[in-house]
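First comes the structure, then the notes that go with it.
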Amino acid sequence: MDMVDQLPNLGRESEMLSAMGLNSMDDLFSDIPKAVQRSAPLDLPPPQTEEEIWRDAQRLLSSNVPVNSRPSFIGAGLYANHVPAMVPMLATRGEFLTSYTPYQPEVSQGMLQAMWEFQTMISELVGLPVANVSMYDASTAAAEALTTAVRVLNRKVEQKDTVYVSELVPEHRFSVIQNYTQGGGIEVKRLPHREDGCLDMEAAKVATGSCAVYVEQPNAFGIADEGITLLKNMLGENTALIVGVNVVSLGLMEAPGHYGADIVVGEGQPFGIGPTGGGPIYGIFACKQAFIRQMPGRIVGLSHDSDGQRAFTLTLSTREQHIRRHRATSNICSNETLIALMGAMHMALLGPSGLEILSTRNAAAAMLAEEKLLEIKGVNAAHPESTHFNEFVIRLPGSADDLCQHLDRRGITPGLPIEILFPDMSNNLLLVSCTDQTSEGDITALVAGISGWIEEVKA
Amino acid sequence: MSDIFAFNGSQEAGYAQPAPIADPDLAKARIPASLRRAERAGWPTASEPELVRHYTWLSQRNFGIDTGFYPLGSCTMKHNPRVNERIVQLAGINDIHPLAPAHHLQGLMAIYYEMQEMLGHCAGMDEVTLQPVAGAQGEFTAIRCIQEYHRSIGHSHRDKVIVPDSAHGTNPASAAMCGYSIIEIPSGEDGRLDLDALRAVVGDDTAAMMITNPSTLGVFEPDIAEATQIVHEAGGQMYYDGANFNAIIGRTNPGLMGFDAVHYNLHKTFSQPHGGGGPGSGPIGVKSHLAEFLPTPIVGRRPSEEGEIGAGDGWWYTWEEPANSIGKVHQWHGNAGAVVRSWAFYRRYGRDLTTMSEHAVLNANYLRHRIMNPSPEVREKIHAMPLDGCPADVVKHEFTLSMTPLVDAIGANGKDVAKRLLDYGYMSPTLYFPMIVPECLMVEPTETESKEALDQFAKDFHSVISEDPEILTTAPHTTDVKRVDEVWAARNLILRHPKE
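Sequence lines, in order, name chains A and B.
Everything in the first sequence is counted per my numbering, starting at 1227 for the first residue and increasing by one.
Everything in the second sequence is counted per my numbering, starting at 3 for the first residue and increasing by one.
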């Protein structure tokens, strides 16, 4: 007999049905017209017990290769850094885990306060006054930042319905931007970069008079691009500067709000959760006051209760779909609150000085890896004049994909072929990413592995 | 009161980290001067002991399903099995990278494949993508696919999407984001879909109709097959909002009703915990004519060859790009962790997902019966009984009540009742939605509440609508804070802790 153990009323159906004057479960579905009723039972396997599911899950998931189970240099926006044990243990307390959106503030003060604290931390991190409680990921945050900017600034600019996006935004993020902007009739143009991997500032002048420019800092090559700090001055008041950040870099690198960014977005993931196969993670979204009534997502505000004591509540909901319907600023409803809560816990535990240390550990690991890799004959820096945060690109004497396959068989993940991010770029470029988990031993193994591969390529 | 901004502890007491593996001063000096952070971010330093207590205190000021009955209509707040949480802490999901080579991800891809197949089967759809990360994003994705379908057959002129006035707000918002104009059609007198109203607006400009069935009133739309026929004959596509899918699995499906596309809420029907607002997961299923437009990639498979161990199930899984894909709606592969939790949940039921839906419907009807039929002694004390939001012999997984008679009798409204229920230890039902039911409370008990819990809720509900009006209008009284001034919050917009 099938055994389902999640239904408290199993075996009590007739008792409950007869209380209602009904005879069978079929009576409960008598309102479904015959023509659309399903007659055959579901063609699915029988139910499993917790023990069987746990066993199957362990077997299936152990066939995946965890990033930190070996020397790994894969990143590109998702990083397998350490998350303190406190974070998942507290965030999965049932009161947080199993709550819905805090529409009833009187019994949701815990999550509301935690999100208000999160908004404060994101605001401090990026140097802008307002942050929401999360977007789905960095790509949707960037996309909705662009549509927000168009809504706010379109009246004031010459290049109507036009935005510019750096050519160094990888294909998988750019595709999301295209899907989110096409409906509004927004034209998305690209800004070129120079040989040194930085934004071509001369060419970027074309964006003056448009609604917005989206660039990333550090960019997809891991380059800390100084030009971006000058961009807002060049663009002027009415063109929004939108900067996508690596949140970990902000312990060492300047908050974009302090060099004029109007909106800052990014992947919050390194604070709070592992890469998790790409999700759930959370996008951050922060902006200047001028954008607040057009921004997407939920926002928590401070207030008081009828006794005058401090209380928090969701606010500015008249922007949202459940009130404004097709005139809403966004369709977003469910977001990534629980992961943002994990991020808040992680950021709180690090503290501002711990954040600087974490950032420094990332930068130091990349510095050491870059130094050691460039000592290998045949390996060159793709952007030798530029400086990097935790990722950099090397040029190999053969195909990066070939190297990855070669080293994979030896238990090393050497990085990501740039071709995966930018299909048009050379196949001998490899993006090498470091985290707080990168050890000297990992770098030694990588250097030995690449050296060995080059020997074989030559032979 | 615990306040993180009051901590200001010693910097030495914060979280300790290993030393950098290279000279930290040199590493810092590499950042160009103009890009070096001038001033540290400003939040206090706190130690682990302080923070564990802070977040525990906050959690105790938050109401979840684990705390008590959560009859929040339209949200399907069912029990979340704990083994699912244990599973997603495994390194084989928590520590895997979506851009790793496919042979590093065979176990995850096996789960994706199984979920694609299962979801397609349950909804009568041909292809499924797990990429959308929320119901609203699923709607957006499906409407994008429909948009590309129309463009591909030269029907770009179809620029309107029809929604009933009882639809979830995300439906019109998602279609509008794709660039469509929205036509909202009024429901009939009884709250059901009005075929004449539909006939009056369909035409050569109809791109799609979006509808949920059972509707947001919790009743099955008897004319659904006729509605799909009307829209199809006009050349439009039918989109099924799967928010209420928990009511019908195994008993009917959107494919049988004639729909072309559907989204699933894994965080409703398949028990991904809602986490205070998310994460969710909103896969979509489509009929074969829309499959070529799905976001990339979806998971395919072939028999594994000699030496390919993979997930150990005899198959080799591959990422496949649909021929005319709309591209991506999430930069990775969606909320993989949510998919894994929902896979574990599905495995708990297998083919008995039908029983799950039956019990969701049983519980809703039982609770409705208990609420609407108090004993004469109880009835005598009640100021005014609520009205059914929609007249029906049976409802599906949820039902709506109009509190208008109570307003007329004693001046206390739906919101007052909702707030008073908080005092009794319940989450409030969904309030004032759908908008077509005045003073609406929408109640969804789910299949994981016991008969005793339902009996007690009905009893307490009767008690609430028998109370002194003054108690109701000033409720809640026993919660962590009393009624919160939402107007003040919106006027003053204090959205972060003030800078010192």
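Quick reminder that beta carbons are idealized off the backbone N, C-alpha and C, glycines included.
For the C-beta of L258 of chain B, the chain A residues within less than 9 Å are, from N- to C-terminus, A1261, V1262, Q1263 and R1264. Nearest CB-CB separation between Y1440 of chain A and chain B: not below the 8 Å threshold. Within the same chain, and ignoring the five residues on either side of L1379 of chain A in sequence, the residues whose Cβ sits closer than 8 Å to its Cβ are C1437, A1438, N1464, T1465 and A1466.
In the DSSP annotation of this structure, the continuous segment of the alpha helix (DSSP H) that includes R1285 of chain A starts and ends at E1276 to S1288. Excluding sequence positions up to five before and after T320 of chain B, its CB lies within less than 6 Å of the CB of G302, all in the same chain and listed in chain order. If you check the CB distance, E360 of chain B and T78 of chain B do not come in under 8 Å. Judged by pairs of C-beta atoms under 8 Å, the region 140–150 of chain B does not touch the region 1501–1515 of chain A, as fewer than three such pairs exist.
Listed along chain B are A93, G94, D97 and I98, each with a C-beta nearer than 7 Å to that of P1292 of chain A. Residues of the region 1500–1522 of chain A that bring their beta carbon within less than 7 Å of a beta carbon in chain B comprise G1500, P1501, T1502, G1503, G1504, G1505 and P1506, in sequence order. The region 211–230 of chain B and the region 159–166 of chain B touch, with three or more beta-carbon pairs separated by less than 8 Å. In terms of Cα proximity to R63 of chain B, the closest of A:M1341, A:L1268 and A:M1337 is A:M1337. About 6 Å separates the beta carbon of P407 of chain B from that of M387 of chain B, a gap short enough to meet the 8 Å contact definition. Note on geometry: alpha-carbon atoms of P1331 of chain A and G427 of chain B lie some 14 Å from one another. Under the three-state reduction of DSSP, L1542 of chain A is assigned to coil, being neither helix nor strand. With fewer than 16 other CB atoms across the displayed protein chains lying within 10 angstroms of its CB, H159 of chain B is exposed. In terms of beta-carbon proximity, C1424 of chain A stays away from the interface with chain B, with every pair separated by 8 Å or more. Each of A:R1285, A:I1499, A:R1264 and A:I1680 was checked against the Cα of I1602 of chain A, and the nearest Cα belongs to A:I1680.
Straight across, the Cα-Cα distance linking V1391 of chain A with D425 of chain B is about 52 Å. The closest CA to that of L1316 of chain A, considering only B:E400, B:V331, B:R55 and B:V409, is found on B:R55.
Collapsing the DSSP output to three states places V341 of chain B in a helix. Secondary structure of F1618 of chain A (DSSP, three-state): strand. A Cβ-Cβ distance of about 14 Å is found for the pair S1665 of chain A and N1616 of chain A, leaving them out of contact under the 8 Å criterion.
The continuous stretches of beta strand (DSSP E) do not include L101 of chain B, and DSSP gives it neither H nor E. Separation of H499 of chain B and T1346 of chain A (C-alpha to C-alpha, rounded to the nearest whole angstrom) is 6 Å. Closer than 8 Å to the CB of A460 of chain B there is not a single CB belonging to chain A. In the structure shown, W45 of chain B falls within a coil segment according to DSSP collapsed to helix, strand and coil. Taking Q1631 of chain A as reference, the option from A:I1676, A:V1619 and A:D1422 with the minimal CA-CA separation is A:I1676. Rounded to the nearest angstrom, the Cβ distance from G1409 of chain A to G181 of chain B is 3 Å, consistent with a contact under 8 Å. Contacts with chain B at 8 Å (Cβ-Cβ) do not include A1626 of chain A. For the beta strand (DSSP E) assignment, the uninterrupted runs of no fewer than 3 residues enclosed by the region 1424–1481 of chain A are, from N- to C-terminal side, 1438–1443 and 1466–1472. T1324 of chain A is a Cβ neighbour of D68 of chain B, given a cutoff of 8 Å. Counting only residues of its own chain and dropping the five nearest sequence neighbours on each side, I1558 of chain A has a CB closer than 6 Å to the CB of P1522 and G1523. Under the three-state reduction of DSSP output, P393 of chain B falls in the coil class, being neither helix nor strand.
For N1405 of chain A, the closest C-alpha among the options B:R84, B:L121 and B:K330 is that of B:K330. Distance from E129 of chain B to I300 of chain B at the Cβ level is roughly 7 Å; contact confirmed, criterion being Cβ atoms closer than 8 Å. Where E186 of chain B is concerned, there is no enclosing alpha helix (DSSP H), although the beta strand (DSSP E) around it starts and stops at S183 to I187.
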